[in-house]
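Which chain is which? The protein sequence lines are V and F, in order. Plus 31 on top of the position in the first sequence (first one is 1) and you've got the working numbering. Plus 31 on top of the position in the second sequence (first one is 1) and you've got the working numbering. From the three backbone atoms N, C-alpha and C, an ideal C-beta is built for every residue, glycine too. It should be emphasised that the depicted structure is a prediction, and the values quoted were computed from it without experimental measurement. Some notes on the structure that comes next.
2 protein chains.
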Amino acid sequence: MERLPPLNAIRAFEVAARAGSFTLAAAELGVSSAAVSQQIRNLETWFGKQLFVRSGNRIVLTDAGHAIYPQTARALGDIAAIGRRMLDGSLRTRLVVSVPFSLAELWLAPRLAVLLDAFPQMAIDVRVEDDPVDLVRQNVDLRISYGDYHYPALRMVRLVHDEVLPVCAPELWQRHGNGDSGLAELHDSLFIHTNWGPNYATHPTWADWFAASGGNRSPDPSQGRRVGLSSLAVASARLGLGIALGQRVMARADLEAGRLIALSPVSVRLGHPYCAFMPPLKAERADVAGLVELLSKTAPST
Amino acid sequence: MERLPPLNAIRAFEVAARAGSFTLAAAELGVSSAAVSQQIRNLETWFGKQLFVRSGNRIVLTDAGHAIYPQTARALGDIAAIGRRMLDGSLRTRLVVSVPFSLAELWLAPRLAVLLDAFPQMAIDVRVEDDPVDLVRQNVDLRISYGDYHYPALRMVRLVHDEVLPVCAPELWQRHGNGDSGLAELHDSLFIHTNWGPNYATHPTWADWFAASGGNRSPDPSQGRRVGLSSLAVASARLGLGIALGQRVMARADLEAGRLIALSPVSVRLGHPYCAFMPPLKAERADVAGLVELLSKTAPST
DNA sequence: GGCTTGCGAAAGAAAAACTGATGGAAGGTT
DNA sequence: AACCTTCCATCAGTTTTTCTTTCGCAAGCC
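Next comes the structure, spelled out in structure tokens:
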């Protein structure tokens, strides 16, 4: 294979020639029109031939441009077809979703239930594991992560930027709650502290929550209960073991069912959103796209 | 046209698959093997599929890789064919060469004579003009320039890094030369000064030459003759009008014929080399490549 | 067991692509 | 005709991508 013309410039040419306008081509390519203009000029310089005649504010293909357009379109079409073939080959396979421990039970499971209710024949494989995950080698179609900074090469969709709020079991509050004085007076031992482990530094603490609600209390973790998983904090609160800073997406079902009560309207946002990552090509699979769509709606659960 | 896979990664894949080795592919592409490795990984990430199986120090195509290779080869071949077609279209045309004034007469002309001697039917069009030249719009196939910094988008070949040395007509030296004391004692009015005009600041002056030859004389330009073209300096010297700092490539024929004599073995290199520029595709035209080849040999002239 | 070869990872450097601002030419409008 | 709008060209500055360099590791090969 000899010297090849610049491929991205070829792509810009194909779109511009088809659109008949650099501006429209730029829109289709998702770049500025100046970028298209420069790419075309690159290609013209490479060939040593003009491809478009510029006359004021419009462009017309030259003979040379006309001559090569069909070939560019065909070649690029062939390459696009490669992608489609890659998809076809993996179409009959299971949909593999990978989630971190904390999201598996209280967040993903209920949502999958909705999905499987609608499409019972759908074959979904859920893997529970921490970042980083090698999507390619593990054949994972979709990875849910906390934070938008893992996997920069992958296509990313933000799902939900969650928040935490104080929750506990109704019985606990009846026993220890003291009227309207709120949480400020409660004993340190009633607080459940969530430890997200060494990998996640940005999780809101009780001190953060008190600061956000206008106070400055900082319950002593050594006095209270400590759990190593945010979903476990919610579960513990539901069991009456104390008052947790529960993530809204995890506590919602229990709150609606009355198994948990929110002790304050004040909430603190997490440092990062939850995000879905997938290989760009797989984003076009209907099942992957559908699942992402479902998950990005803050779909309630039962 | 939907989302396209990264084209340069496709190219890297095609070469790597054909070569069966990232290292060989890297050599063919003219990059490091790490670059190929990264491009392939990009593509695998895009598809969400492995294309090669790595086992220690060798690679084997996966089924997926095997499946798409022929298509990649065909699509890239098509694009390469576009280049060939562009060339064919312009094959019956003249060869257009553009040179700066200073090189036209004493440097390009004798060399073209050699070429036309061998290929009398060759249709060459010589244009004489200063930088910058718009090769595309003016339909120039080959531009010769002083300096390697014009036209960064074009393919460049360094032709010759010229030097200047003091030359004059033999009769002049007989009349004014003073034995072996060299140039140090000559009257200022005998020196010919070359003024390259506002665009070229790096031309060696008499002061530079004296510095290089161990002296520190600096003849007064207002006393001597001044010319605005380096080839004119040589021509003036040949006519006995004074002693010039002549460029070797321009003076060579006169020196060999005895019409000029070199007054010292000391020479000073020019600030930049002379370079040939051409649109990358046209570098593959046989006539263009041949002319560049001829010019880059420091071919003597008659 | 040493030696060589080839791929992978990571950090920094180099190159390419893109943006945003500005200016100009053509066509349409009042 | 003057004005406005659209669209492309150009430029400088920035961002993003790609590449190089260096190192490490795993296999084959004396």
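- Task: Return the CA-CA distance between Val-145 of chain F and Trp-138 of chain F, expressed in angstroms with no decimal places.
- Result: 12 Å
- Message: Strictly below 8 Å CB to CB, what residues from chain F border Asp-148 of chain V?
- Response: Going along chain F, no residue has its Cβ under 8 Å from Asp-148 of chain V, so there is no contact; the nearest lies around 27 Å.
- State the CB to CB distance for the pair Leu-185 of chain F and Thr-93 of chain V, rounded to an integer number of angstroms; the pair is presumed to be in contact (CB under 8 Å). About 20 Å; that fails the 8 Å criterion.
- Can you tell which of F:Arg-34, F:Ala-43, F:Gly-120 has the C-alpha that lies nearest to the C-alpha of Leu-35 of chain V? F:Ala-43
- Message: Below 8 Å on C-beta distance, what does Trp-138 of chain V contact in chain F?
- Response: Within chain F, no residue comes near Trp-138 of chain V; the closest Cβ sits about 24 Å away, beyond 8 Å.
- Query: Is Leu-325 of chain F helix, strand or coil by DSSP?
  - Reply: helix
- Message: Would Met-187 of chain F pass as an interface residue toward chain V - the criterion being a Cβ-Cβ separation below 8 Å?
- Response: no
- Query: Given a threshold of 16 other Cβ atoms within 10 Å of its Cβ, counted over all protein chains shown, does Leu-217 of chain F qualify as buried or as exposed?
  - Reply: That one is buried.
- Query: For Ala-106 of chain F and chain V, any beta-carbon pair shorter than 8 Å?
  - Reply: yes
- Just mark Glu-202 of chain V as buried or exposed, buried being the case when its beta carbon has 16 or more other beta carbons within 10 Å. Glu-202 of chain V should be labelled exposed.
- Message: Assuming Ala-307 of chain V and Ile-175 of chain V are in contact, meaning their beta carbons sit under 8 Å apart, how far apart are those beta carbons, in whole angstroms?
- Response: 6 Å
- Taking 8 Å as the CB-CB limit, is Gln-254 of chain F close to chain V? no
- Item | Validate contact between the region 148 to 168 of chain V and the region 120 to 132 of chain V using beta carbons, cut 8 Å, 3 pairs | yes
- Item | alpha helix (DSSP H) runs contained entirely in the region 179 to 256 of chain F, provided each spans 4 or more residues | 201 to 207, 237 to 243
- Query: Quick one: which chain V residues come within Cβ less than 8 Å of Asp-13 of chain F?
  - Reply: Lying outside 32 to 333, the shown extent of chain F, residue 13 of chain F is not represented and no answer is given.
- Query: So, is the C-beta of Gln-152 of chain F closer than 8 Å to a C-beta in chain V?
  - Reply: no
- Starting from Asn-39 of chain F, find everything on chain V with Cβ-Cβ shorter than 8 Å and list it in chain order. Those are Leu-38, Asn-39, listed as they occur along chain V.
- Task: Give a yes or no on whether the minimum CB-CB distance between Asp-109 of chain V and chain F is below 8 Å.
- Result: yes
- Message: Using the Cβ count rule (16 or more neighbours within 10 Å means buried), how would you classify Lys-328 of chain V?
- Response: exposed
- Over the uninterrupted beta strand (DSSP E) stretch that includes Ser-129 of chain V, give me the two end residues. 126 to 130
- Among V:Gly-79, V:Leu-214, V:Arg-189, the one whose alpha carbon lies nearest that of Cys-199 of chain V: V:Leu-214
- Nearest-angstrom Cα separation, counted from Asn-226 of chain F out to Gly-259 of chain F: Taking the straight line joining both Cα atoms gives about 5 Å.
- Task: Take the Cβ of Val-67 of chain V as the centre, count every other Cβ of all protein chains shown within 10 Å, and call the residue buried at 16 or more, exposed below.
- Result: buried
- Query: Any idea what DSSP makes of Thr-293 of chain F, helix, strand or coil?
  - Reply: According to the sequence as given, residue 293 of chain F is Ala; it is not Thr. It is a strand residue.
- Beta-bridge partners of Arg-34 of chain V, as assigned by DSSP: Arg-34 of chain V pairs with nothing; no bridge assigned.
- Whole angstroms is fine: what's the gap from His-97 of chain V's alpha carbon to Ala-47 of chain V's? 12 Å
- Message: What would DSSP say about Ser-176 of chain V, mapped onto helix, strand or coil?
- Response: strand
- Query: For Ile-41 of chain F, which beta-bridge partners are listed by DSSP?
  - Reply: Answer by DSSP bridge pairing: none, since Ile-41 of chain F is not bridged.
- To which residues of the same chain is Ile-90 of chain V closer than 8 Å at the C-beta, ignoring the five residues directly before and after it? Ala-47, Gly-51, Ser-52, Phe-53, Phe-83, Val-84
- Query: Among V:Leu-221, V:Gln-152, V:Leu-166, which has the Cα closest to the Cα of His-207 of chain V?
  - Reply: V:Leu-221
- Query: Using DSSP with H/G/I as helix, E/B as strand and the rest coil, what is Asp-161 of chain V?
  - Reply: coil
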